[in-house]
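Worksheet: one structure, shown below.
2 protein chains.
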Amino acid sequence: MKPGEFEAILKANASAVGDLLDDFLSSNQLIAGTPHHLLNAMRHGVLNGGKRLRPFLVCEVAKLFDGNPKAAMQVGLAIECIHSYSLVHDDLPAMDDDDIRRGKPTVHKAFDEATAILAGDALLTLAFGIVASVDTVPHDIRIKLITLMAKKAGAPGMVGGQVLDMQASGKARSEIEITRMQAMKTGALISCACEAGALVSGASDDDRTRMRRYGENVGIAFQLADDILDEYGDASVVGKATRKDRDQGKQTLAQIYGKRALEDRLAALVSGAEEMLEPFGERAERLVEAARFVSIRKS
Amino acid sequence: MKPGEFEAILKANASAVGDLLDDFLSSNQLIAGTPHHLLNAMRHGVLNGGKRLRPFLVCEVAKLFDGNPKAAMQVGLAIECIHSYSLVHDDLPAMDDDDIRRGKPTVHKAFDEATAILAGDALLTLAFGIVASVDTVPHDIRIKLITLMAKKAGAPGMVGGQVLDMQASGKARSEIEITRMQAMKTGALISCACEAGALVSGASDDDRTRMRRYGENVGIAFQLADDILDEYGDASVVGKATRKDRDQGKQTLAQIYGKRALEDRLAALVSGAEEMLEPFGERAERLVEAARFVSIRKS
């Protein structure tokens, strides 16, 4: 790919996903009857100009296995709702206490704390309703998708990772502990998106495992890049407050090993991700680029 | 039934449900790998000595249609996890700010706010995983159950009702607005439990509708009884703070109409619930008693 080509593809995808989410959060029957105030807060939390990396991954993985593109996108939207809810709750005063996300006030700032808690709850609930309603996908596959999401987004995955991260303030952590936390907090949902792309397309168990592993590498790379941005980045470029981990007394791998060593580690994660894609050759080009992209991102 | 018989049945059921939840929240594979701190907070939120009315309703309705008792109970446990998560979030300082529930410190008091938010999130997520894993029930029925739960617990149901309730502080509300809020906030999940009991047992659409309507009446009766307890009850008997609505400037039907008129209304709701059960005669005795019980409860 030419320089900038992947960024352009991802941007076009983000714009399409944003439009679909906008449509969905104004007219879908799963939200019919939602009080306006709540719906506005949910929309504020979701329609935030995000990179939409997770839906992108679901759709690109689904392409490898000739999955139904529309079904893959619906699953992608559900996973993006989960990602969005996690950000809404993460930004709360009791958690990361962030006022700004992507240059806009966070949901509890634009509305209030109670509304932000409830909007997050509603988005999480909606995500399961969306996957249940993907009617081009057999019921048994939908059940597998829901089981996968419940594990990866819940107590043994993303939510568990957030608890581990929260408990880390002011404590020395081992590299193993930090990596486990990162694999859960960020890796689980990204890897869920990749595995879901395989699952929704009826891929074999082997291929599902490959996609899960690809996603795990991408997820950890994403989090390491985040640590580098937090430690060395410029808030105006990153689009959110930096040095937060340090301020909260949280030890990161960036602090332990320094930028250079982390960049080596990122390169190894990208190689690992590429290895999982080898059987698919050229057809997996965009996924290879995605792994590279998350590891060198500037925001 | 003899006086006290229904209470004894409900109590025995609550004890059995509590034991099952305790087992489930220590060894189920859906939570394998959950950090201890998070699991402890989830357990604190769920194992609280509740009445377990929702699992009771799922199981009793399922009996009417010769449903698999174990499958019905699993669905009941999932709905109880949703009920518990809603209490954990409802008790938060940004919401109702309650320190005590059933004589024990609330989750954010026993742990902290961030942990309470995340424990609630994890319980909600778990609920969908539990229903997806009820393997004695056909996949299409499981999908219908998940769709039902997503609507009734989410933005157009329970969460939406909480938002409407929250917005009510200091405002005059019409009877229609209050009733709509109550139907969503409390009625939706109770009615979901009743409809789920029919659904999990393969009942006809007509019977599903009957059970939903029965549940709607029971749900609104439950909430009205709550309003009466809040307005006229004694905190030491009720087991939580009373006069909260009044303190928060929330108008309730108890305030508008007084105790007597509300008791008439409760009687009408119970009659409506009984009417839905007529075709089942003696077999629905416990459900008839349940409707009476919620309308005259003391705590």
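Chains as they are written, first to last, in our numbering: chain L, 0 to 298; chain F, 0 to 298.
No residue lacks a Cβ here, since even glycine has one placed at the ideal position from N, Cα and C.
Predicted model, so just to flag it, every value in this text is computed and none were measured.
Straight-line gap, residue i to residue j (C-alpha atoms, nearest Å)
i	j	result
E194 of chain L	K258 of chain L	30 Å
K150 of chain L	S270 of chain F	43 Å
M0 of chain F	H138 of chain L	43 Å
T146 of chain F	N12 of chain L	28 Å
M183 of chain F	L63 of chain F	26 Å
E174 of chain F	R242 of chain L	52 Å
H88 of chain F	I116 of chain L	8 Å
R53 of chain F	G119 of chain F	18 Å
E79 of chain L	D225 of chain L	19 Å
P278 of chain L	E284 of chain L	12 Å
Y256 of chain F	V217 of chain F	20 Å
A314 of chain L	I142 of chain F	In the structure displayed, chain L extends from 0 to 298; residue 314 of chain L sits before or after that span and is not available.
T251 of chain L	M148 of chain L	27 Å
D233 of chain L	R245 of chain L	15 Å
L29 of chain L	D205 of chain F	22 Å
D95 of chain L	D164 of chain L	11 Å
S83 of chain L	I8 of chain F	43 Å
I99 of chain F	L91 of chain F	11 Å
L144 of chain F	D229 of chain L	42 Å
N27 of chain L	D21 of chain F	37 Å
L38 of chain L	R101 of chain L	20 Å
Under 8 Å between C-beta atoms of residue i and residue j
i	j	result
K103 of chain L	N47 of chain L	yes
S203 of chain F	A61 of chain F	no
G17 of chain L	R51 of chain L	yes
V158 of chain F	V74 of chain F	no
E59 of chain L	L286 of chain L	yes
V45 of chain L	L24 of chain L	yes
L19 of chain F	M72 of chain F	yes
M275 of chain L	R209 of chain L	yes
A167 of chain F	K249 of chain F	yes
G214 of chain F	S190 of chain F	yes
P155 of chain F	T33 of chain L	yes
H35 of chain F	T114 of chain F	no
A40 of chain L	I81 of chain L	no
F221 of chain L	F5 of chain L	no
A266 of chain F	I227 of chain F	no
T105 of chain L	D97 of chain L	yes
Q181 of chain L	I219 of chain L	yes
A109 of chain F	H43 of chain F	yes
G196 of chain L	G66 of chain L	yes
A77 of chain L	V136 of chain L	no
R172 of chain F	L223 of chain F	no
L198 of chain F	I140 of chain F	yes
A289 of chain F	F55 of chain F	yes
T124 of chain L	A187 of chain F	no
8 Å Cβ cutoff, residue i in contact with chain F
i	result
S132 of chain L	yes
H43 of chain L	no
M333 of chain L	Outside the shown range of chain L, which is 0 to 298, sits residue 333 of chain L, and nothing can be said about it.
Contacts of residue i in chain F (Cβ-Cβ under 7 Å)
i	result
H36 of chain L	V162 and Q166
Contact list for residue i against chain L, beta-carbon separation under 8 Å
i	result
G159 of chain F	G32, T33, P34, L37 and A121
is_contact[residue i, chain L] using C-beta, thresh 8 Å
i	result
D139 of chain F	yes
M72 of chain F	no
Any non-hydrogen atom of the ligand MN within 7 Å of residue i CB
i	result
D22 of chain F	In terms of ligand content, the structure shown is empty, and the ligand MN therefore cannot be addressed.
- Would you list, in chain order, the members of the segment 4 to 34 of chain F that have their beta-carbon closer than 8 Å to a beta-carbon of chain L? L29, I30, A31, G32, T33 and P34
- Quick one: which residues of the segment 104 to 130 of chain F get their C-beta closer than 9 Å to a C-beta of chain L? List them in chain order. H107, D111, E112, A113, T114, A115, I116, L117, A118, G119, D120, A121, L122, L123, T124, L125, A126, F127, G128, I129 and V130
- Residues of the segment 80 to 92 of chain F with a CB closer than 9 Å to any CB of chain L: list them in chain order, please. I81, Y84, S85, H88, L91 and P92
- Message: To be precise: take each residue of the segment 141 to 157 of chain F, compare its Cβ to all Cβ atoms of chain L, and keep it if any distance is under 7 Å. Which residues remain?
- Response: R141, I142, I145, T146, A149, K150, A152, G153, A154 and P155
- Contact residues within the segment 274 to 298 of chain L, judged by C-beta distance below 8 Å to chain F: none
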